[in-house]
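Chain order of the listed sequences is A and B. Counted the way this note's numbering counts, the first sequence spans residues 20 to 353. Counted the way this note's numbering counts, the second sequence spans residues 20 to 353. Built from N, CA and C at the ideal position, the CB exists for glycine as well. Each remark here refers to the structure printed beneath this line.
There are 2 protein chains.
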Amino acid sequence: MVTTKRYHLAERPDGVPDDDTFDLREVELGEPGPGEVLLDIQYLSVDPYMRGRMRAGESYAEPWEVGQPLEGGAVAEVVEEYGTQFEPGDTVVGNMVWAEQHVANAAELQSVSVGDLPASTALGVLGMPGRTAYFGTREVLEPRAGDTVVVSAAAGAVGSVVGQLAKKQGATVIGFAGSDEKCKIVEAEFGFDACLNYKATDDYVEALSEAAPAGVDGYFDNVGGPITDAVFTQLNVDAHVAVCGQIALYNEEEVPTGPRKLGKLIETRARVQGLLVGDYATRFEKAASDLAEWVGTGELAYCETVTEGLENAPDAFVGLFEGENIGKQVVKVE
Amino acid sequence: MVTTKRYHLAERPDGVPDDDTFDLREVELGEPGPGEVLLDIQYLSVDPYMRGRMRAGESYAEPWEVGQPLEGGAVAEVVEEYGTQFEPGDTVVGNMVWAEQHVANAAELQSVSVGDLPASTALGVLGMPGRTAYFGTREVLEPRAGDTVVVSAAAGAVGSVVGQLAKKQGATVIGFAGSDEKCKIVEAEFGFDACLNYKATDDYVEALSEAAPAGVDGYFDNVGGPITDAVFTQLNVDAHVAVCGQIALYNEEEVPTGPRKLGKLIETRARVQGLLVGDYATRFEKAASDLAEWVGTGELAYCETVTEGLENAPDAFVGLFEGENIGKQVVKVE
Numbered sequence: 020m021v022t023t024k025r026y027h028l029a030e031r032p033d034g035v036p037d038d039d040t041f042d043l044r045e046v047e048l049g050e051p052g053p054g055e056v057l058l059d060i061q062y063l064s065v066d067p068y069m070r071g072r073m074r075a076g077e078s079y080a081e082p083w084e085v086g087q088p089l090e091g092g093a094v095a096e097v098v099e100e101y102g103t104q105f106e107p108g109d110t111v112v113g114n115m116v117w118a119e120q121h122v123a124n125a126a127e128l129q130s131v132s133v134g135d136l137p138a139s140t141a142l143g144v145l146g147m148p149g150r151t152a153y154f155g156t157r158e159v160l161e162p163r164a165g166d167t168v169v170v171s172a173a174a175g176a177v178g179s180v181v182g183q184l185a186k187k188q189g190a191t192v193i194g195f196a197g198s199d200e201k202c203k204i205v206e207a208e209f210g211f212d213a214c215l216n217y218k219a220t221d222d223y224v225e226a227l228s229e230a231a232p233a234g235v236d237g238y239f240d241n242v243g244g245p246i247t248d249a250v251f252t253q254l255n256v257d258a259h260v261a262v263c264g265q266i267a268l269y270n271e272e273e274v275p276t277g278p279r280k281l282g283k284l285i286e287t288r289a290r291v292q293g294l295l296v297g298d299y300a301t302r303f304e305k306a307a308s309d310l311a312e313w314v315g316t317g318e319l320a321y322c323e324t325v326t327e328g329l330e331n332a333p334d335a336f337v338g339l340f341e342g343e344n345i346g347k348q349v350v351k352v353e
Numbered sequence: 020m021v022t023t024k025r026y027h028l029a030e031r032p033d034g035v036p037d038d039d040t041f042d043l044r045e046v047e048l049g050e051p052g053p054g055e056v057l058l059d060i061q062y063l064s065v066d067p068y069m070r071g072r073m074r075a076g077e078s079y080a081e082p083w084e085v086g087q088p089l090e091g092g093a094v095a096e097v098v099e100e101y102g103t104q105f106e107p108g109d110t111v112v113g114n115m116v117w118a119e120q121h122v123a124n125a126a127e128l129q130s131v132s133v134g135d136l137p138a139s140t141a142l143g144v145l146g147m148p149g150r151t152a153y154f155g156t157r158e159v160l161e162p163r164a165g166d167t168v169v170v171s172a173a174a175g176a177v178g179s180v181v182g183q184l185a186k187k188q189g190a191t192v193i194g195f196a197g198s199d200e201k202c203k204i205v206e207a208e209f210g211f212d213a214c215l216n217y218k219a220t221d222d223y224v225e226a227l228s229e230a231a232p233a234g235v236d237g238y239f240d241n242v243g244g245p246i247t248d249a250v251f252t253q254l255n256v257d258a259h260v261a262v263c264g265q266i267a268l269y270n271e272e273e274v275p276t277g278p279r280k281l282g283k284l285i286e287t288r289a290r291v292q293g294l295l296v297g298d299y300a301t302r303f304e305k306a307a308s309d310l311a312e313w314v315g316t317g318e319l320a321y322c323e324t325v326t327e328g329l330e331n332a333p334d335a336f337v338g339l340f341e342g343e344n345i346g347k348q349v350v351k352v353e
């Protein structure tokens with residue numbers, strides 16, 4: 020019998036999640052049954068979309084029930100297996116829980132193949148955020164050579180990759196990020212043409228019209244809210260807007276309001292489209308292979324923010340909404 | 020020397036245009052010069068987009084200057100010509116002014132070819148609104164067989180045609196209109212599957228979820244505002260939204276606000292796109308020919324609301340925002 024620490028949803032948060040939201044329990048796990056594996060979790064992913072799962076109402080992801088374990092993407096080492104394709108010692112990635120150990124159905128796990136890169140990249144640049152950026156850029160943003168593309172949350176796990184992929188297509192890329200330190204990394208490491216620190220900017224429209232004097236042809240939106248409002252005012256004719264996240268709004272319990280934008284779409288004939296990475300599942304291998312190649316050649320840079328210890332997973336999660344991470348936020352469990 | 024009555028922009032309206040907005044002048048016209056024609060205007064089109072031209076700020080159409088004549092699509096008879104392709108007695112359509120007579124550059128006019136239909140149809144079902152519906156449906160809404168499509172301003176010049184074209188594609192079509200009389204026409208004449216009288220409905224979301232229990236796959240938006248807010252709550256995965264007009268907002272002088280919608284686009288991966296008919300100019304003849312054929316075979320029904328007398332053009336225009344017209348609103352000048 021194995022004992023593990025595991026986070027459960029204590030209650031649904033009202034606004035920003037806090038200590039009352041998370042319940043760290045000591046639980047006993049059963050032995051793995053046929054087709055199952057016992058896992059030592061190494062890295063746990065915390066992601067903005069999880070805020071939606073804490074809400075009872077409809078979201079694009081199924082809501083978590085109060086009292087149930089919190090789920091999430093994770094990288095783990097196989098400790099025991101019962102008639103599966105894995106061996107003890109294998110490193111696997113898949114949907115797990117916020118815990119140190121976990122028993123999972125082996126059919127829902129994949130072997131991690133990240134070459135010489137850290138296993139945590141299977142949760143970041145080579146994992147869900149990398150794939151989101153890959154398909155969001157390729158299938159929805161569709162940057163054209165010469166476009167001016169704006170990326171919000173430019174220092175984040177998705178935004179940092181989107182900007183680099185848009186540059187590869189010949190676009191000029193402007194980022195929004197939340198500190199001078201982040202903006203420096205966005206420009207120096209991720210190669211954006213410019214990055215605006217929105218926390219040091221009073222007038223986003225003015226700042227943007229200076230940084231992008233020819234207007235905005237593409238916008239990859241990870242945040243929603245006032246930054247997005249400002250970008251919409253600068254859209255050019257035939258602009259493409261990819262809506263990937265609305266992190267600025269995820270802790271709002273009332274329906275958020277803001278300036279109506281549809282009239283601008285008539286003026287510009289702009290196209291606005293939402294995206295969820297799961298729609299592209301048939302091509303995940305191709306994406307991972309391309310992304311790994313570009314990381315290998317140095318064409319694609321990435322960052323990770325690693326928080327140590329399962330007990331700090333709630334802080335790492337809440338920190339996403341404060342912009343405390345640069346690049347992919349993971350929790351190193353042990 | 021010819022004398023004509025002509026409306027000029029007296030001042031920019033603040034909110035709903037009123038008597039102070041319009042200045043009816045008696046003006047003398049010069050003789051037509053080389054390449055010009057003198058026209059007797061028969062029918063004048065008043066359209067919601069003209070409200071945008073009364074505003075100094077940016078819109079998709081160039082603003083009118085205070086003191087200048089109001090422009091608009093019109094049908095006219097050629098009275099005199101000076102070395103043009105037209106003969107006296109020809110009926111022409113093009114951009115003219117709110118007047119009884121007008122001198123125009125013949126190169127910017129087209130012969131009216133509406134077969135057995137009234138010449139006014141060159142301003143309606145066979146003119147700009149018909150073409151807007153044609154390309155908006157075909158290129159932006161893209162209804163698929165089995166879709167549930169919602170059309171706002173369903174009794175209007177554009178909406179009435181959109182609904183019929185979506186039906187042709189095999190969609191179930193639900194309209195929103197502003198009176199029981201209109202809804203009756205929308206269902207009986209235009210063949211919509213249902214029409215909701217929004218002025219007799221307290222809860223648009225509830226009414227829509229009853230009329231469209233399987234959700235909304237396509238939305239052709241002519242109005243914006245609360246009706247559009249309600250439709251967005253009902254969008255299905257992969258929905259298409261065509262944004263053609265926002266008449267509910269055109270008299271607002273402040274930036275209108277409302278519920279933020281981008282999060283819904285992530286959930287549904289819906290595509291929202293604005294449209295302006297001028298983008299499809301290379302195919303206007305094909306559109307007019309298709310539309311005329313469908314009217315001829317009885318596949319496409321249309322309505323017109325005719326206001327008599329140039330002096331009533333301002334009332335006809337303001338009436339658009341009150342929903343006083345059914346189908347295309349024209350002014351019969353003489």
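Does any residue of chain B have a CB that is nearer than 8 Å to the CB of A289 (chain A)?
Closer than 8 Å: yes.
Going by C-alpha to C-alpha distance, which of B:T276, B:G277, B:F239 and B:G297 sits closest to E286 (chain A)?
Of B:T276, B:G277, B:F239 and B:G297, the residue nearest in Cα terms is B:G297.
Could you compute how far the alpha carbon of G91 (chain B) sits from the alpha carbon of V97 (chain B)?
If you take the alpha carbons of G91 (chain B) and V97 (chain B), they lie about 17 Å apart.
Taking any Cβ of chain B, which residues in the region 302 to 315 of chain A have a Cβ under 7 Å from it, in chain order?
Using a CB distance below 7 Å, no part of the region 302 to 315 of chain A faces chain B.
Would you call the CB atoms of G234 (chain A) and L215 (chain A) closer than 8 Å?
Contact flag unset, no.
Under 8 Å (Cβ pairs) to chain A, residues found in the region 202 to 234 of chain B
Within the region 202 to 234 of chain B, no residue has a Cβ that lies closer than 8 Å to any Cβ of chain A.
Can you list, in chain order, the residues of the region 268 to 297 of chain A whose Cβ is nearer than 7 Å to any Cβ on chain B?
Within the region 268 to 297 of chain A, the qualifying residues are L268, V274, P275, T276, G277, P278, R279, L281, G282, L284, I285, E286, T287, R288, A289, R290, V291, Q292, G293, L294 and L295.
I'd like the list of long-range same chain contacts for D42 (chain A), defined as Cβ closer than 6 Å, with 5 residues on each side in sequence excluded.
Taken in chain order, the residues that qualify are H27 and A29.
Which two residues bound the contiguous alpha helix (DSSP H) that contains R279 (chain B)?
Membership of R279 (chain B) in any alpha helix (DSSP H) is not indicated, and neither H nor E is assigned to it by DSSP.
With C-beta atoms as the reference, is L128 (chain A) less than 8 Å away from G146 (chain A)?
No, they are not a contact pair.
Using the C-alpha atoms, what's the distance from V116 (chain B) back to G54 (chain B)?
The alpha-carbon atoms of G54 (chain B) and V116 (chain B) are separated by roughly 18 Å.
Cβ separation of P278 (chain A) and V274 (chain B), assumed to be a contact under 8 Å, to the nearest whole Å
In this structure P278 (chain A) is in contact with V274 (chain B), their Cβ atoms being roughly 5 Å apart against a cut-off of 8 Å.
Given that V131 (chain B) touches chain A, what residues does it touch there, using C-beta distances under 8 Å?
Here the premise fails: no neighbours, minimum Cβ distance about 28 Å.
How far does the alpha helix (DSSP H) with R72 (chain B) in it reach, from first residue to last?
Per DSSP, R72 (chain B) belongs to the alpha helix (DSSP H) from M69 to R72.
Cβ of Y26 (chain A) less than 8 Å from any chain B Cβ?
So no, Y26 (chain A) is outside the interface.
Less than 8 Å between the beta carbons of E47 (chain A) and T22 (chain A), yes or no?
Yes, the Cβ-Cβ distance between E47 (chain A) and T22 (chain A) is below 8 Å.
Tell me the rounded alpha-carbon separation between P82 (chain B) and R290 (chain A).
Going by C-alpha positions, P82 (chain B) is about 25 Å away from R290 (chain A).
Mind listing which residues of the region 171 to 192 of chain A have their C-beta closer than 8 Å to chain B's C-betas, in chain order?
Listed in sequence order: no entries.
Of all the CB atoms in chain B, is at least one closer than 8 Å to the CB of C263 (chain A)?
Put simply, the CB of C263 (chain A) is near chain B, with a gap under 8 Å to one of its CB atoms.
Could you work out which residues of chain A lie near Y79 (chain B), taking near to mean beta carbons separated by less than 7 Å?
Contacts between Y79 (chain B) and chain A, judged by CB atoms closer than 7 Å, involve I285 and E286 in chain order.
Which whole-angstrom value describes the C-beta separation of L57 (chain A) and V122 (chain A), a residue pair presumed to lie in contact below a C-beta threshold of 8 Å?
Indeed they touch by this definition, with Cβ atoms about 6 Å apart.
Counting only beta-carbon separations shorter than 8 Å, does D15 (chain B) have a partner in chain A?
Because chain B in this structure spans residues 20 to 353, residue 15 (chain B) falls outside the shown range and cannot be described.
Cβ atoms of Y299 (chain A) and E158 (chain A): under 8 Å apart, would you say?
A contact, by the Cβ cut-off of 8 Å.
So, at 8 Å on beta carbons, what are the nonlocal neighbours of Y79 (chain A) in its own chain, with the 5 sequence-adjacent residues on each side left out?
Excluding positions up to five away in sequence, the list reads Y68, G71 and L295.
Given a cut-off of 8 Å on the beta-carbon distance, is the pair V325 (chain B) and K283 (chain B) in contact?
Cβ atoms of V325 (chain B) and K283 (chain B): not closer than 8 Å.
Please give the ranges of any beta strand (DSSP E) in the region 239 to 266 of chain A, keeping only runs that are unbroken, at least 3 residues long and fully inside the region.
Here the runs fully enclosed are 254 to 262.
Just how far apart, CA to CA, sit M20 (chain A) and E106 (chain A)?
If you take the alpha carbons of M20 (chain A) and E106 (chain A), they lie about 20 Å apart.
Simplified DSSP state of G194 (chain B), which is helix, strand or coil:
The answer is strand: DSSP assigns G194 (chain B) an E or B state.
Taking Cβ positions, are G293 (chain A) and V262 (chain A) nearer each other than 8 Å?
Closer than 8 Å, so yes.
Roughly how many angstroms lie between the CA atoms of P223 (chain B) and Y217 (chain B), to the nearest whole one?
The sequence given here has Tyr at residue 223 (chain B), not Pro. Roughly 7 Å separates the two Cα atoms.
Answer with buried or exposed for Q87 (chain A), where buried requires no fewer than 16 other C-beta atoms within 10 angstroms of its C-beta.
By the 10 Å Cβ count, Q87 (chain A) comes out exposed.
Is the beta carbon of G182 (chain A) sitting closer than 8 Å to the one on F154 (chain A)?
Contact: no.
Give the C-beta separation of G189 (chain A) and A172 (chain A) to the nearest angstrom, bearing in mind that I take them to be a contact with Cβ-Cβ under 8 Å.
Their Cβ separation, rounded to whole angstroms, is 23 Å, which puts G189 (chain A) and A172 (chain A) out of contact at 8 Å.
Taking Cβ positions only, does D236 (chain B) come closer than 8 Å to chain A?
Contact of D236 (chain B) with chain A is not assigned, every C-beta pair being separated by 8 Å or more.
From the beta carbon of G243 (chain A), is the nearest beta carbon of chain B less than 8 Å away?
Chain B contact via Cβ: present.
Can you say whether T316 (chain A) is buried or exposed, counting buried as having 16 or more other CB atoms within 10 angstroms of its CB?
So T316 (chain A) counts as exposed.
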